[in-house]
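Residue 2 is where the sequence shown starts when you use our numbering, and the numbers rise one by one after that. Just so it is clear, CB atoms sit at the ideal spot from N, CA and C, and this is done for glycine as well.
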Amino acid sequence: MSDQRESTATAAAPGSSPTKGPRLLTGSPIAAQIREDLATDFAAFIERHAYSPTLAIVLVGADAPSAVYLEQILRTCQKVGVQGRLVEIGVDVTPDAVCTEIERLNADPEVAGIIVQMPLPAHIPLRTVIDSIDPAKDIDGIHPRNAGLLSLGYDGFLPATAQASVEILKRSGIEIAGKRVVVVGRSNVVGKPAALLLLREHGSVTVLHSRTRDLGHHTRDAEILVVAAGRAGLITGDMLSPGVVVVDVGINVVGGKILGDVDFESARHVVGAITPVPGGVGPLTNALLLSHLLRAAIDQAQRRVRAHATTSAAATSAAGSTPSTARPTQ
Ligand SMILES: NC(=O)c1ccc[n+]([C@@H]2O[C@H](COP(=O)([O-])OP(=O)(O)OC[C@H]3O[C@@H](n4cnc5c(N)ncnc54)[C@H](OP(=O)(O)O)[C@@H]3O)[C@@H](O)[C@H]2O)c1
């Protein structure tokens with residue numbers, strides 16, 4: 002889906018009038034600003050280092066939602082002036098062969114970032130694939146090293162969707178500190194990291210999941226509600242408190258339409274602000290992912306410069322020094 006279509010959908014969303022309905026927290030304008038800054042920064046990087054950093058997207062097997070997502074991310078790469086490389090691997094591949102392909106990308110100096118499209122086919126163990134990504138190129142923060150850094154509150158690559166769900170609140174001027182924040186979903190890529198990031202912002206965070214009893218009891222308590230369950234219309238208006246701020250991360254294709262996890266029609270009469278689907282978290286996710294690519298490219302270029310300087314210094318010192326075997330004895 003293009004940003005054009007997303008912003009059109011946003012403009013047409015029910016309740017988008019400034020006088021009626023809730024405030025719409027749209028991601029497209031924020032994403033456009035980030036992309037503009039990134040285009041400038043990537044141009045400066047390319048001029049300085051004489052290569053364009055590549056984002057490698059590993060796709061094992063293929064399904065329709067992946068195709069839509071991949072189209073979006075490749076287009077975002079184009080917009081900011083970097084290379085997007087789609088690495089397609091047939092569904093009949095072995096886990097070892099997938100890891101070998103990822104190791105090849107780890108070793109490729111032009112590849113600054115690697116993402117692996119989920120879900121993987123059932124016979125490919127997720128953990129094996131995740132472990133094989135170089136953490137320095139893991140720009141969607143799925144490697145245990147980056148996940149660990151996040152949970153400890155240290156800098157690392159953040160899962161872009163989780164980051165986008167928090168960033169859209171911050172950039173819309175919504176205070177998180179001290180608020181009762183409820184997250185629906187606890188996946189490693191969205192719910193759990195979003196909860197950790199909201200905790201980092203000093204929210205009082207509750208996490209709900211498929212075994213939670215009486216979902217509405219908890220969601221009604223929320224001042225900020227982040228929903229990442231992958232169930233179209235799971236959250237309805239009667240499960241919300243008046244004035245709540247809702248971030249709907251869900252992307253569900255139903256009858257050819259893209260729907261969120263929140264039933265917009267019933268929610269719009271209750272909420273104070275809500276992210277539309279599409280046009281909310283989605284556009285911001287891609288822009289943030291490419292900001293991670295820039296950071297990875299800069300880190301890797303600096304590391305290469307340091308390694309080169311160390312090698313040159315060692316060579317100079319070796320050439321200038323007299324081998325110990327040739328030194329006169331005292
Ligand atoms: N906007 C974007 O850029 C973007 C990017 C990635 C994903 N998404 C969307 O975000 C949604 C979540 O993605 P995901 O990868 O986190 O999905 P996931 O791995 O399937 O996880 C879904 C989570 O929701 C919980 N859940 C499912 N049904 C529930 C229910 N009835 N009540 C309460 N909790 C329930 C699950 O609980 P259990 O743990 O108990 O199973 C699980 O923790 C999907 O719609 C996906 O398409 C959007």
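To the nearest angstrom, how far is it from the Cα of Val282 to the Cα of Arg201? Within the sequence shown, residue 282 is the residue found at index 281, counting from 1. Within the sequence shown, residue 201 is the residue found at index 200, counting from 1. Answer to the nearest angstrom: the Cα atoms are 19 Å apart.
Ligand 1 heavy atoms versus the CB of Ile252: any closer than 6 Å? For this step, residue 252 is matched to residue 251 along the sequence shown. Because some heavy atom of ligand 1 lies under 6 Å away, the Cβ of Ile252 counts as near it: yes.
Buried/exposed call for Ser152, threshold 16 Cβ in 10 Å: In the sequence shown, residue 152 corresponds to position 151, counting from 1. When all chains shown are included, Ser152 counts as exposed.
Report whether the distance from the Cβ of Ser188 to the nearest heavy atom of ligand 1 is below 6 Å. Start at 1 with the first residue of the sequence shown, and residue 188 comes out as number 187. Yes, Cβ of Ser188 sits closer than 6 Å to a heavy atom of ligand 1.
With hydrogens ignored, establish whether the beta-carbon of Thr41 is closer than 6 Å to any heavy atom of ligand 1. Your numbering for residue 41 matches position 40 in the sequence shown. It does not: the Cβ of Thr41 is nowhere closer than 6 Å to a heavy atom of ligand 1.
Quick check: is any heavy atom of ligand 1 less than 6 Å from the C-beta of Gly217? Here residue 217 corresponds to residue number 216 of the sequence shown, with the count starting at 1. Outside the cutoff, so no.
Report the residue from Ser133, Pro194, Ala178, Gln164 whose alpha carbon sits nearest the alpha carbon of Gly149. In the sequence shown, counting from the first residue as 1, residue 149 sits at position 148. Answer by Cα proximity: Pro194.
Contained beta strand (DSSP E) runs [length at least 3] in the segment 90 to 166, N- to C-terminal order: 112 to 117
Simplified DSSP state of Asp311, which is helix, strand or coil: Indexing the sequence shown from 1 puts residue 311 at position 310. Reading off the sequence shown, one finds Thr at residue 311, where the question assumed Asp. Correct three-state label for Thr311: helix.
Coarse secondary structure for Gly238, derived from DSSP in three states: Translated into positions along the sequence shown, residue 238 becomes position 237. Residue state, collapsed to three classes: helix.
Pairing CB atoms from the segment 314 to 322 with CB atoms from the segment 41 to 58, are three or more of them under 8 Å? no
Can you give the beta carbon distance from Asp249 to Asp239, rounded, assuming they're within the 8 Å contact cut? By one-based count along the sequence shown, residue 249 stands at place 248. By one-based count along the sequence shown, residue 239 stands at place 238. The pair is not a contact, with the Cβ atoms about 16 Å apart (cut-off 8 Å).
Would you say Gly85 touches ligand 1, meaning its beta carbon is less than 6 Å from a heavy atom? Within the sequence shown, residue 85 is the residue found at index 84, counting from 1. No; taking the cut-off as 6 Å, the Cβ of Gly85 has no heavy atom of ligand 1 nearer than that.
Short check: CB of Ala54 to CB of Ala298, under 7 Å? For the purposes of this step, residue 54 is taken as residue 53 along the sequence shown, with counting starting at 1. For the purposes of this step, residue 298 is taken as residue 297 along the sequence shown, with counting starting at 1. Going by the sequence as given, residue 54 is Pro instead of Ala. Yes, Cβ-Cβ distance for Pro54 and Ala298 is below 7 Å.
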